[in-house]
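A.B. asks: In our numbering, the protein residues as written are 91 to 435. From the three backbone atoms N, C-alpha and C, an ideal C-beta is built for every residue, glycine too. Predicted model only: the values in this text are computed from it and were never measured. The structure's right below; bear with me while I get my questions together.
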Amino acid sequence: MRYLKNRKITVISAGLMLCMALEPLNVRAEEDILQAAGGAATLLETTLSTEEYIEIAQQAKGACWGYTNIGIANVESGNLNVRQTPSTDGKMVGKMPKNAACEVLEVTEDGWAHIQSGDVDGYVSTEYLMTGPDAKLKADELVRTVAVANTDGLNVRDSADTGGNVLAQVSEGEEMEYLEMLDGWVKIAIDDVEAYVSAEYVTVTERLDTAITMTQLLYGAGVSDVRVELVEYAKQFLGNPYVWGGTSLTKGADCSGFVLSVFKKFGVSLPHHSGSQAKYGTKISASELQPGDLVFYANGSGVIYHVAIYIGNGQVIHASSPSTGIKINSYKYITPCKYVSILQD
91 MRYLKNRKIT VISAGLMLCM ALEPLNVRAE EDILQAAGGA ATLLETTLST
141 EEYIEIAQQA KGACWGYTNI GIANVESGNL NVRQTPSTDG KMVGKMPKNA
191 ACEVLEVTED GWAHIQSGDV DGYVSTEYLM TGPDAKLKAD ELVRTVAVAN
241 TDGLNVRDSA DTGGNVLAQV SEGEEMEYLE MLDGWVKIAI DDVEAYVSAE
291 YVTVTERLDT AITMTQLLYG AGVSDVRVEL VEYAKQFLGN PYVWGGTSLT
341 KGADCSGFVL SVFKKFGVSL PHHSGSQAKY GTKISASELQ PGDLVFYANG
391 SGVIYHVAIY IGNGQVIHAS SPSTGIKINS YKYITPCKYV SILQD
């Protein structure tokens with residue numbers, strides 16, 4: 091490792107410099123910084139001492155949306171496997187959906203990176219991991235602003251006042267797509283439905299997607315083969331796009347289109363409308379939920395507008411919105427209105 095000693099470098103902005111300082115005292119060529127800036131036209135030349143560079147590097151810790159040495163899952167489709175050891179024989183501990191972010195802790199000489207992403211700590215192949223300036227630029231495109239509920243049972247209303255109809259309730263820690271800040275209220279979107287929550291009970295922040303733990307992906311014990319197969323089939327499309335009116339599991343589907351196409355693979359014909367799908371099968375209680383059952387959500391008037399597939403362990407997979415695509419949530423991320431068993435087993 092070389093040391094900076096009164097080296098003349100190009101400073102683009104304080105924020106970019108913080109994000110660029112991947113390793114304290116690690117010299118980065120001026121052209122690399124310019125590349126990361128996307129060819130910024132206005133530059134300020136200055137001379138930094140070793141002490142000043144150390145200070146910048148220290149401030150850089152966590153400067154990239156909470157990451158110091160950020161990595162981005164660079165897969166064409168599907169997910170990047172995270173393993174317990176740096177080997178293809180290593181036990182699977184999680185999966186990073188396409189474009190999910192991680193902290194790169196160490197890179198081995200044989201093509202593996204030790205990473206931490208969300209609750210997942212393990213190893214991924216560097217062949218499918220974007221790092222350095224390219225990862226930072228990609229993250230800048232991917233980062234999204236969310237409103238995170240900081241209380242349980244947060245009321246989601248159809249207007250920005252306490253007299254507005256309650257459309258649903260959100261559990262503590264759940265993320266909602268941020269649209270804009272109003273006077274004491276935050277306009278949000280849940281599953282592509284616009285609504286409002288009190289600014290007092292949410293934290294607005296920027297987030298990048300992270301890895302999914304195996305606990306979130308597993309379906310549970312005592313489940314029939316067909317349910318296991320259906321859930322495993324649905325999960326392979328995690329991270330694929332949401333397209334209103336779509337039914338393609340790879341190119342884009344909406345919530346009911348996703349359900350329709352997954353069940354079609356298993357010989358079950360369903361209509362392309364969540365409210366109509368809710369009329370099929372057998373109504374069950376939350377305590378009876380099994381992987382492969384359907385969970386429905388309604389607005390304040392009781393009209394069903396969204397559907398998800400239960401995958402076990404209190405989780406659902408669903409085509410959520412254009413900004414998030416197909417994702418996994420707690421089945422109570424908002425208040426469910428109905429549970430239906432479609433599969434006959």
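Compare the beta carbon distance of Y429 and V385 with 8 Å and say whether it is the shorter of the two.
C.D. replies: Your numbering for residue 429 matches position 339 in the sequence shown. Your numbering for residue 385 matches position 295 in the sequence shown. Contact flag set, yes.
A.B. asks: Would you tell me roughly how many angstroms separate the C-alpha atoms of F327 and E141, rounded to the nearest one?
C.D. replies: If you number the sequence shown from 1, residue 327 lands on position 237. If you number the sequence shown from 1, residue 141 lands on position 51. Their backbone Cα atoms lie some 49 Å apart in a straight line.
A.B. asks: Can you look up Q434 in the DSSP assignment and give me helix, strand or coil?
C.D. replies: Working through the sequence shown from its first residue, we reach residue 434 at position 344. Of the three classes helix, strand and coil, the one that applies to Q434 here is coil, per DSSP.
A.B. asks: Return the first residue and the last residue of the beta strand (DSSP E) that K354 is part of.
C.D. replies: Residue mapping note: residue 354 aligns to position 264 of the sequence shown, counting from 1. Unbroken run through K354 is the alpha helix (DSSP H), C345 to K354; no beta strand (DSSP E).
A.B. asks: Report the option in S314, P223 and V294 whose CA atom is closest to the CA atom of Q434.
C.D. replies: As a working note, residue 434 is residue 344 in the sequence shown. Checked all of S314, P223 and V294; the closest Cα to Q434 is S314.
A.B. asks: Within 8 Å, do at least three Cβ pairs link the stretch 363 to 375 to the stretch 343 to 350?
C.D. replies: yes
A.B. asks: In or out: S351 buried (at least 16 other Cβ within 10 Å) or exposed?
C.D. replies: Position 261 of the sequence shown, counted from the start, is the residue given in the question as residue 351. Classification for S351: buried.
A.B. asks: I believe E262 touches A239 by the beta-carbon criterion, under 8 Å. Please report the beta-carbon distance rounded to the nearest angstrom.
C.D. replies: One-based indexing of the sequence shown puts residue 262 at position 172. One-based indexing of the sequence shown puts residue 239 at position 149. About 5 Å; that satisfies the 8 Å criterion.
A.B. asks: May I ask you to verify whether the stretch 316 to 334 touches the stretch 201 to 220, counting CB pairs closer than 8 Å and requiring at least 3?
C.D. replies: no
A.B. asks: With a threshold of 7 Å on Cβ separation, who are the neighbours of E284 within its own chain once the five nearest residues in sequence on each side are excluded?
C.D. replies: Here residue 284 corresponds to residue number 194 of the sequence shown, with the count starting at 1. Here the set comprises L269 and K277.
A.B. asks: Where G243 and F353 are concerned, what is the direct C-alpha to C-alpha distance, given to the nearest angstrom?
C.D. replies: As a working note, residue 243 is residue 153 in the sequence shown. As a working note, residue 353 is residue 263 in the sequence shown. When rounded, the distance between both Cα atoms is 32 Å.
A.B. asks: What number of angstroms, rounded off, separates the C-alpha of D200 from the C-alpha of G184?
C.D. replies: Translated into positions along the sequence shown, residue 200 becomes position 110. Translated into positions along the sequence shown, residue 184 becomes position 94. If you take the alpha carbons of D200 and G184, they lie about 21 Å apart.
A.B. asks: Can you list, in chain order, the residues of its chain whose CB lies under 6 Å from that of S410, leaving out five sequence neighbours each side?
C.D. replies: Counting from one through the sequence shown, the residue named residue 410 turns up at place 320. Counting only residues of its own chain and dropping the five nearest sequence neighbours on each side, S410 has a CB closer than 6 Å to the CB of D281 and K417.
A.B. asks: For Y421, does the three-state DSSP call read helix, strand or coil?
C.D. replies: What you label residue 421 is simply residue 331 of the sequence shown in a count that begins at 1. Y421 falls in the coil class under three-state DSSP.
A.B. asks: In the DSSP assignment, what residue or residues form a beta bridge with T372?
C.D. replies: Stepping through the sequence shown from its first residue, residue 372 is reached at position 282. T372 is bridged to S431.
A.B. asks: Around the C-beta of M182, are 16 or more other C-beta atoms found within 10 angstroms, so that it is buried, or is it exposed?
C.D. replies: Looking up residue 182 in the sequence shown gives position 92. Exposed, by the Cβ-count rule.
A.B. asks: What did DSSP end up calling L115 once you bin it into helix, strand or coil?
C.D. replies: Residue mapping note: residue 115 aligns to position 25 of the sequence shown, counting from 1. Confidence in L115 is poor, its pLDDT being 35 and thus under 50, which makes the residue's placement too unreliable to answer from.
A.B. asks: Would DSSP call Q174 helix, strand or coil?
C.D. replies: Indexing the sequence shown from 1 puts residue 174 at position 84. Q174: coil per DSSP, three-state reduction.
A.B. asks: Rounded to whole angstroms, what's the CA-CA distance from S177 to G212? Just pull it up for me.
C.D. replies: The sequence position of residue 177 within the sequence shown is 87, counting from 1. The sequence position of residue 212 within the sequence shown is 122, counting from 1. Roughly 11 Å separates the two Cα atoms.
A.B. asks: Hey, would you say G382 sits closer than 8 Å to V294, going by beta carbons?
C.D. replies: The sequence position of residue 382 within the sequence shown is 292, counting from 1. The sequence position of residue 294 within the sequence shown is 204, counting from 1. No.
A.B. asks: Measure the beta-carbon distance from Y387 to C427 and round it to whole angstroms, keeping in mind my assumption that it falls under 8 Å.
C.D. replies: Counted from its first residue, the sequence shown places residue 387 at position 297. Counted from its first residue, the sequence shown places residue 427 at position 337. Indeed they touch by this definition, with Cβ atoms about 6 Å apart.
A.B. asks: Return the chain-ordered list of same chain residues with a C-beta closer than 7 Å to the C-beta of L360, the five sequence neighbours on each side being excluded.
C.D. replies: Within the sequence shown, numbered from 1, the residue matching residue 360 stands at position 270. Result list for L360: V349, L350, F353, Q367 and Y370, in chain order.
A.B. asks: With a threshold of 6 Å on Cβ separation, who are the neighbours of Y332 within its own chain once the five nearest residues in sequence on each side are excluded?
C.D. replies: As a working mapping, residue 332 is identified with position 242 in the sequence shown. Closer than 6 Å at the Cβ level, and outside the excluded window around Y332, lie A409, S411, P412 and G415.
A.B. asks: Based on DSSP bridge pairs, tell me the residues matched to E284.
C.D. replies: Position 194 of the sequence shown, counted from the start, is the residue given in the question as residue 284. Answer is A279, bridged to E284.
A.B. asks: Return the CA-CA distance between L339 and G156, expressed in angstroms with no decimal places.
C.D. replies: For this step, residue 339 is matched to residue 249 along the sequence shown. For this step, residue 156 is matched to residue 66 along the sequence shown. Cα-Cα distance, rounded: 32 Å.
A.B. asks: Taking P223 as part of the alpha helix (DSSP H), name the residues at either end of that continuous run.
C.D. replies: On the sequence shown, position 133 is the one that residue 223 refers to. From DSSP, the alpha helix (DSSP H) with P223 extends over G222 to L232.
A.B. asks: Looking only at DSSP bridge pairs, what is Q338 linked to?
C.D. replies: By one-based count along the sequence shown, residue 338 stands at place 248. Note on residue identity: the sequence assigns Ser, not Gln, to residue 338. Note: S338 sits in a beta bridge opposite G342.
A.B. asks: Does the beta-carbon of E264 have 16 or more other beta-carbons within 10 angstroms, so that it is buried, or is it exposed?
C.D. replies: As a working mapping, residue 264 is identified with position 174 in the sequence shown. Buried: at least 16 other Cβ atoms inside 10 Å.
A.B. asks: Need the endpoints of the beta strand (DSSP E) that E217 sits in, please.
C.D. replies: Residue mapping note: residue 217 aligns to position 127 of the sequence shown, counting from 1. Neither: E217 is in no beta strand (DSSP E) and is coded neither H nor E.
A.B. asks: How is I416 classed by DSSP in three states: helix, strand or coil?
C.D. replies: Within the sequence shown, numbered from 1, the residue matching residue 416 stands at position 326. The answer is strand: DSSP assigns I416 an E or B state.
A.B. asks: Excluding five sequence neighbours on each side, which residues of the same chain lie with their C-beta closer than 6 Å to the C-beta of L272?
C.D. replies: For the purposes of this step, residue 272 is identified with residue 182 of the sequence shown, where counting begins at 1. The answer, listed in chain order, is A250.
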